[in-house]
Amino acid sequence: MAPYIGTPTSRVDGPAKVTGAAKYAGEFNVPGLAYGAVVTSTIAKGRIARIDTSEALRVPGVLDVLTHENRPRMAATSAAYKDDVGPEKGAPFRPLYDDKILFSEQPIALVLAEEWEIARFAASLVRVAYKKQAHSTDLQARREKAFVVETPQKPRGKADKAYAGAVRHEAEYFIPIEHHNPMELYASTVLWDGDGKLTVYDKTQGVQNVQHYLCGIFKMKPDDVRVVSPFVGGAFGSGLRPQYQVVLAALAARALERSVRLVLTRRQMYGLGYRPATIERLAIGATADGTLDAISHEAIAVTSQYEDFYRNDTAWSGKLYKSANAKYLHKLARLDLATPSDMRAPGATTGVYALECAMDELAVALKLDPLELRLRCYSDRDQNENVPYTSKNLRECYRQGAAAFGWSKRSAAPRSMRDGSELVGWGMATGIWEALQMECAARIVLTANGHAEIVSSFSDIGTGTYTIMAQVAADMLGLPLDNVTVRLGDSTLPKAPVEGGSWTAASVSHAIMKTAEDVRKELLRLAKTIPNSPLAVSKLKDTALIDGGIVNKETGRAVSIADAMHHGAVDRIERESTVSFKESKSHAHNTHSAVFAEVKVDEEIGVIRVTRVVDAVAAGRILNTKTARSQIMGAVVWGIGMALHEETLLDHDFGRIMNANIAEYHVPVNADVHDIEVIFVEEPDALINPLGIKGVGEIGIVGVAAAIANAVYHATGKRVRDLPITLDKLQRPA
Ligand code: MOS
1268 MAPYIGTPTS RVDGPAKVTG AAKYAGEFNV PGLAYGAVVT STIAKGRIAR
1318 IDTSEALRVP GVLDVLTHEN RPRMAATSAA YKDDVGPEKG APFRPLYDDK
1368 ILFSEQPIAL VLAEEWEIAR FAASLVRVAY KKQAHSTDLQ ARREKAFVVE
1418 TPQKPRGKAD KAYAGAVRHE AEYFIPIEHH NPMELYASTV LWDGDGKLTV
1468 YDKTQGVQNV QHYLCGIFKM KPDDVRVVSP FVGGAFGSGL RPQYQVVLAA
1518 LAARALERSV RLVLTRRQMY GLGYRPATIE RLAIGATADG TLDAISHEAI
1568 AVTSQYEDFY RNDTAWSGKL YKSANAKYLH KLARLDLATP SDMRAPGATT
1618 GVYALECAMD ELAVALKLDP LELRLRCYSD RDQNENVPYT SKNLRECYRQ
1668 GAAAFGWSKR SAAPRSMRDG SELVGWGMAT GIWEALQMEC AARIVLTANG
1718 HAEIVSSFSD IGTGTYTIMA QVAADMLGLP LDNVTVRLGD STLPKAPVEG
1768 GSWTAASVSH AIMKTAEDVR KELLRLAKTI PNSPLAVSKL KDTALIDGGI
1818 VNKETGRAVS IADAMHHGAV DRIERESTVS FKESKSHAHN THSAVFAEVK
1868 VDEEIGVIRV TRVVDAVAAG RILNTKTARS QIMGAVVWGI GMALHEETLL
1918 DHDFGRIMNA NIAEYHVPVN ADVHDIEVIF VEEPDALINP LGIKGVGEIG
1968 IVGVAAAIAN AVYHATGKRV RDLPITLDKL QRPA
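Mind the numbering: the sequence shown is residues 1268 to 2001 in my numbering, read in order.
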């Protein structure tokens, strides 16, 4: 096996990150930079009656204040504001477009000044009068008005009828609005390059998406807008769609004909996308021996007044487990909020939370061990499509996870395990996510000294893309890792979609592999130009790139890269190729996990600690066991947050988020995170792609909150179905 793929390789961009050499969107400096500060609405719905910028304009150092009344031209059609990953239905939000207020914290003015402090101060002097309209920001209050969206998943059997005659469980679960809260604030530094050309340093998961988007809004030519995002300080989905600060920064640079930086405040980031609050209703029935009979899964989720955002919440339920009857319903409730957005494993994180809590409750009703119930319903086929998986080693996740956790020592009854003054609870859940691949391109430039540059416009949002690309390239080209450099995050580089959906590793690795084959082909051609070449009669299929040369695997005869290029009279080989993927009708492609959690609950004050989590993951070939483990660990920490801490709180009277800061929006801190063990089970997959890669960016969070919720029930005998499980809810009467 190749020396780098599969090894725990440290991040190749690690030194740049820890020394501060890695620059983020708000850190690029140029002479003459102007600074922006955004003014946002304080009402959730209505119109701007009057906006008075005169006082702000009088502040020395203020250059201009842009509002809907004086902004330069922007496109007038909805289509111009569409981006690659926005909802199909609806009209995307247009910042500073008109006087209409669609959500609280909507940008309504942009102050531009010589200094950031001046811009912020002047922003506080912009006076706004509103014509308010009645708003609604409460999902529970609007649930009856929710409308059904078309989801592709067809029902099977007769879920209602089957459900009528079974051991059953029916309940409603709730996930509140949650925000991504990446460390890096949303920022754009737009360089005015003269002649209307812009270089845009943007915090984004997709530079080419932002490029297309800006071209649409400002009717610019792609060659005139270069979008660069070499490093991203966390995004988790919040950077899939272009955010409004990039529009405003570009608008300002064009208005001033000057370079502009705009960084949002933490509060303003709560005016962007979020994980939609979702009501999940599960009705599941089984025969007395624990065979699932019927599954009905309904979801009601939040969307905005102007776009229909939704993901697959419900169809996981009938896909994952054997059940003859299944049906789904997905509804949306329109609220006066910004459009929700993708957030790590969108749909699955919420839908599978509900499913896996419901399965736990069904196990209790059946008097079955919750793991045993999953095994009895285990399916080697995608139950919705009735096709096999390219690979599915969930069974091994259950086995290895349970063994590492010590699950067999669990005593079944709630409140039956203790550690001193604390109740101990053990819970488990299954996770499932997609193994997607997307069309993308990679370029390799190999020079005669045996150095290779690997290039793609994908972003690395912190997942380790630079590193896995270097590993794959080093193996495919037969070079030491140190001889490989990777360039990413620039719209001028070869085509790539947004980095998201856990699809980057599989897609870009395949593109590198294919391009490396073209490089090998050219090297063989050059090697044959050597008089009496050792590879004179070698066929391409018999060769490999190993140890800085091209080798005939049969004869062992080799020519070094340097010699081949020297004799061929070239000093570099440059190749670029694109890979695309056809959606398979014959196989399902997914990743899976089994999550086991231990909680300890102080019975007197109700404090819950997650003392141990074991997450056993089946995700095909793991390219880098170090960065992949970090992905899963980080996702488990987020699962702890989802279970116990995270909640965006709205004051529905004002339609306004109250805890729009990371002091009052609780996330797990070090003291909340104890022992996390990550297991990657072997999962060879010869069908999904030649390297057997599936991707691990999102699977780590799916199921974690359910495992913890189930552990809390096991510890306390109390079922809290509305997240987060806070101590007040543990005390509330059943
Ligand atoms: Mo992910 S939610 O596709 O960044």
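Think of the CB as a built atom: it goes at the ideal place given N, C-alpha and C, for glycine as much as any other residue. Small disclaimer: the values here were computed from a predicted structure and weren't measured.
With 16 as the cutoff for other CB atoms within 10 Å, does residue 1653 come out buried or exposed?
-> Label assigned to residue 1653: exposed.
Return the residue from the list 1971, 1774, 1958 that minimises the CA-CA distance to residue 1943.
-> Ranked by how close their Cα comes to the Cα of residue 1943, the residues 1971, 1774, 1958 have 1971 in first place.
Does the beta-carbon of residue 1268 have 16 or more other beta-carbons within 10 angstroms, so that it is buried, or is it exposed?
-> Because the pLDDT at residue 1268 is just 43, under 50, the model does not fix this residue reliably, and the value given afterwards should be weighed accordingly. When all chains shown are included, residue 1268 counts as exposed.
Count the other CB atoms, across all protein chains shown, that sit within 10 Å of the CB of residue 1346; report buried if there are 16 or more and exposed otherwise.
-> That one is exposed.
Whether residue 1530 touches residue 1453 by CB criterion (9 Å) = Less than 9 Å divides the Cβ of residue 1530 from the Cβ of residue 1453.
Residue burial classification, residue 1852 (beta-carbon count within 10 angstroms, cutoff 16) = Label assigned to residue 1852: exposed.
Name the one or two DSSP bridge partners that residue 1230 has.
-> Lying outside 1268 to 2001, the shown extent of the chain, residue 1230 is not represented and no answer is given.
In whole angstroms, what is the alpha-carbon distance linking residue 1362 and residue 1373?
-> If you draw a straight line from the Cα of residue 1362 to the Cα of residue 1373, it is about 8 Å long.
In the DSSP assignment, what are the bridge partners of residue 1219?
-> Nothing in the structure corresponds to residue 1219, since the chain is present only between 1268 and 2001.
Is residue 1385 near residue 1328, with beta carbons less than 9 Å apart?
-> A distance below 9 Å separates the beta carbons of residue 1385 and residue 1328.
How many Å lie between residue 2000 and residue 1577 at the Cα?
-> Each residue's alpha carbon lies about 34 Å from the other.
Taking the C-alpha atoms as reference points, what is the distance between residue 1998 and residue 1960?
-> Straight-line measurement puts the Cα of residue 1960 at about 46 Å from the Cα of residue 1998.
Can you grab the Cα-Cα spacing for the pair residue 1477 / residue 1418, in whole Å?
-> Taking the straight line from one Cα to the other gives about 28 Å.
For the putative contact between residue 1457 and residue 1516, defined by C-beta atoms under 8 Å, what is the C-beta separation to the nearest angstrom?
-> A Cβ-Cβ separation of about 4 Å places residue 1457 in contact with residue 1516 under the 8 Å criterion.
Nearest-angstrom Cα distance between residue 1415 and residue 1566?
-> Separation of residue 1415 and residue 1566 (C-alpha to C-alpha, rounded to the nearest whole angstrom) is 10 Å.
Which one or two residues does DSSP pair with residue 1459 in a beta bridge?
-> 1465.
Helix or strand or just coil, what does DSSP make of residue 1776?
-> Residue state for residue 1776 is assigned as helix, using DSSP reduced to three classes.
Measure the C-alpha to C-alpha separation of residue 1603 and residue 1932 and round it to an integer number of angstroms.
-> In a straight line, the C-alpha of residue 1603 is about 21 Å away from that of residue 1932.
Have a look at 1978, 1969, 1489, 1635 and flag the residue whose alpha-carbon is nearest the alpha-carbon of residue 1885.
-> Residue 1969 is the option with its Cα nearest to residue 1885.
Alpha carbon to alpha carbon, how far is residue 1365 from residue 1847?
-> Between residue 1365 and residue 1847, the C-alpha separation is close to 41 Å.
Classify residue 1695 as helix, strand or coil using the three-state DSSP reduction.
-> Three-state DSSP puts residue 1695 in a strand.
Decide yes or no for the touch test of the segment 1575-1594 against the segment 1418-1438: beta carbon pairs closer than 8 Å, at least 3 of them.
-> Cβ pair count under 8 Å is three or more, so yes.
Just checking, does the segment 1322-1337 make contact with the segment 1534-1545 on the three C-beta pairs under 8 Å criterion?
-> Segments in contact, no.
For residue 1471, which of 1486, 1488, 1504 has the nearest alpha-carbon?
-> Nearest neighbour of residue 1471 by Cα position, chosen from 1486, 1488, 1504, turns out to be 1504.
Residue ranges of each beta strand (DSSP E) within the segment 1744-1769, 3 or longer = Along the length of the segment 1744-1769, whole beta strand (DSSP E) runs at least 3 residues long occupy 1751-1754, reported in chain order.
Return the first residue and the last residue of the beta strand (DSSP E) that residue 1597 is part of.
-> According to the DSSP assignment, residue 1597 belongs to the beta strand (DSSP E) that extends over 1592-1601.
Counting pairs of beta carbons, one from the segment 1789-1799 and one from the segment 1815-1833, are three or more of them closer than 8 Å?
-> With the cut-off at 8 Å, the segment 1789-1799 and the segment 1815-1833 touch.
For the segment 1768-1780 and the segment 1687-1703, state whether three or more C-beta atom pairs, one from each stretch, are separated by less than 8 Å.
-> Taking 8 Å as the limit for Cβ pairs, the verdict is that the segment 1687-1703 does touch the segment 1768-1780.
Element boundaries [beta strand (DSSP E), containing residue 1637] | Unbroken run through residue 1637 is the alpha helix (DSSP H), 1637-1643; no beta strand (DSSP E).
Can you tell me whether DSSP reads residue 1532 as helix, strand or coil?
-> Coil, per DSSP.
Residue 1706 and residue 1868: beta carbons closer than 9 Å?
-> With a cutoff of 9 Å on beta-carbon distance, residue 1706 and residue 1868 are scored as not near each other.
Between 1451, 1533, 1499, 1741, which lies nearest to residue 1787 when the distance is taken from Cα to Cα?
-> For residue 1787, the nearest C-alpha among the options comes from 1741.
Thinking just about the alpha-carbon of each residue, which of 1735, 1733, 1746 is nearest to the one in residue 1719?
-> The option with the nearest alpha carbon to residue 1719 is 1746.
Considering only residues of the same chain and omitting the five flanking positions on each side of residue 1617, which have a CB-CB separation below 6 Å?
-> Closer than 6 Å at the Cβ level, and outside the excluded window around residue 1617, lie 1442, 1545, 1580.
Pick out the complete alpha helix (DSSP H) segments inside the segment 1818-1883, 4 residues or longer, and give them in chain order.
-> Entirely contained in the segment 1818-1883, the alpha helix (DSSP H) runs reaching 4 residues are, in chain order, 1828-1835.
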